[in-house]
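Chemist: Position 108 (the sequence shown) corresponds to 290 in full-length UniProt numbering; numbering is contiguous. Quick reminder that beta carbons are idealized off the backbone N, C-alpha and C, glycines included.
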Amino acid sequence: EGPKPLAGRRAIVTSGPTHEPIDPVRYIANRSSGRQGHAIAAALARLGADVTLVSGPVEIADPAGVRTIHVERAEEMLDGVLAALPADIAVMVAAVADWRVATAGGQKIKKKPGEAPPPLQLAENPDILKTIGHHAQRPKLVVGFAAETQEVEANAREKLKRKGADLIVANDVSPKTGIMGGSRNSVSIVSKDGVDAWPDLDKNEVAARLAALIAERLGP
Ligand code: C5P
């Protein structure tokens with residue numbers, strides 16, 4: 183079974199996209215599969231952590247040995263994360279929608295002949311990572327992701343500060359990389375100590391290395 187350096191530690195992981203309703207039958211979403219976040223939750227559990235995974239809508243199975251909470255919207259994801267506090271570790275992997283539809287209502291928007299398309303008003307969603315990174319019950323180790331298509335490292339450094347994170351896992355999600363929704367990932371680990379570029383790896387291997395790094399950073 184291997185060593186359990188995270189025995190007695192509590193971890194919260196977010197994963198997947200969020201779905202932001204437009205009306206009861208339509209929503210705004212993104213291309214996150216949940217593969218990387220789910221793999222991280224499983225890897226932390228394998229090292230002995232007590233893991234709560236707060237997952238948006240995904241097609242993949244709940245990881246073994248992990249408490250999985252299913253949510254749809256960003257606001258529900260934040261509630262799930264806050265309810266799982268206190269924790270020693272937070273790894274915020276979810277591709278949370280930046281905006282929700284402020285005008286979402288209980289009735290399906292009807293298309294009426296001859297009428298202009300309906301306007302959608304957007305409102306900003308809560309930033310879950312930033313909330314956790316500055317929380318009174320902030321976990322000892324807070325890890326975020328930076329999925330960018332340009333200026334990957336510079337954006338990660340800025341995010342480290344603004345979000346109150348200890349580590350940012352930065353990756354290039356340009357369509358040419360096939361990372362978003364794919365099974366492999368090529369990441370750099372950005373901390374106040376510098377940047378560590380990892381080779382192109384299977385998402386499960388990224389998860390195992392990240393869990394090991396988290397255990398090392400937390401110490402006994
Ligand atoms: O600001 P940006 O979306 O690029 O930051 C990405 C990081 O912040 C990821 O760790 C993501 O899970 C987290 N995030 C969040 N809540 C949001 C937006 C991003 O937790 N509303």
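Please list, following the chain, all residues that have a C-beta closer than 5 Å to any non-hydrogen atom of the ligand C5P.
Modeler: Here the residues come out as Met274, Ala276, Val278, Asn307, Asp309, Ile310, Leu311, Gly326, Phe327.
Chemist: Quick check on the burial criterion: 16 or more other C-beta atoms within 10 angstroms. Buried or exposed for Ala328?
Modeler: Numbered from 1 along the sequence shown, position 146 holds the residue referred to as residue 328. Counting Cβ neighbours within 10 Å, Ala328 comes out buried, since at least 16 surround it.
Chemist: What is the DSSP secondary structure of Pro203, reduced to helix, strand or coil?
Modeler: In the sequence shown, the residue the question calls residue 203 occupies position 21. Reduced to three states, the DSSP call for Pro203 is strand.
Chemist: Whether or not the region 272-287 and the region 211-219 are in contact is what I'm after, with contact meaning three or more pairs of Cβ atoms, one per stretch, closer than 8 Å; do they touch?
Modeler: Verdict: yes, contact present.
Chemist: Just verifying my parser: in three-state terms, what is the DSSP assignment at Glu306?
Modeler: Within the sequence shown, residue 306 is the residue found at index 124, counting from 1. Of the three classes helix, strand and coil, the one that applies to Glu306 here is strand, per DSSP.
Chemist: For the beta strand (DSSP E) that Asn353 lies in, which residues bound it at each end?
Modeler: Working through the sequence shown from its first residue, we reach residue 353 at position 171. Here the beta strand (DSSP E) through Asn353 covers 349-354.
Chemist: So, at 7 Å on beta carbons, what are the nonlocal neighbours of Val324 in its own chain, with the 5 sequence-adjacent residues on each side left out?
Modeler: As a working note, residue 324 is residue 142 in the sequence shown. Hits under 7 Å: Ala272, Ile314, Gly315, Gly346, Ala347, Asp348.
Chemist: Please state whether DSSP places His317 in a helix, a strand or coil.
Modeler: Sequence index remark: in the sequence shown, residue 317 carries index 135 (1-based). Looking at His317 - three-state DSSP - the assignment turns out to be coil, as it is neither helix nor strand.
Chemist: Alpha carbon to alpha carbon, what distance is there between Gly262 and Met362?
Modeler: To locate residue 362, count along the sequence shown from 1; it is residue 180. To locate residue 262, count along the sequence shown from 1; it is residue 80. If I take the Cα positions, the gap works out to 24 Å.
Chemist: Can the beta-carbon of Ala389 be found closer than 8 Å to that of Ala246?
Modeler: Taking the sequence shown and counting its residues from 1, the one referred to as residue 389 is at position 207. Taking the sequence shown and counting its residues from 1, the one referred to as residue 246 is at position 64. No; because the gap between Cβ atoms is not below 8 Å, this pair is not in contact.
Chemist: My output table needs one value for Val240: the three-state DSSP class, helix, strand or coil.
Modeler: Taking the first residue of the sequence shown as 1, we reach residue 240 at position 58. Three-state result, Val240: coil.
Chemist: Can you find the residues in the same chain that come closer than 8 Å, C-beta to C-beta, to residue 136, ignoring five residues on each side of it along the sequence?
Modeler: This structure does not reach residue 136, given that the chain is present from 183 up to 402, and the question cannot be answered.
Chemist: On the three-state DSSP scale, how would you describe Leu342?
Modeler: Taking the sequence shown and counting its residues from 1, one reaches residue 342 at position 160. Of the three classes helix, strand and coil, the one that applies to Leu342 here is helix, per DSSP.
Chemist: Report, in whole angstroms, the separation of the C-beta atoms of Thr196 and Ile310, which I expect to be a contact under 8 Å.
Modeler: Numbered from 1 along the sequence shown, position 14 holds the residue referred to as residue 196. Numbered from 1 along the sequence shown, position 128 holds the residue referred to as residue 310. Their Cβ separation, rounded to whole angstroms, is 6 Å, which keeps Thr196 and Ile310 in contact under 8 Å.
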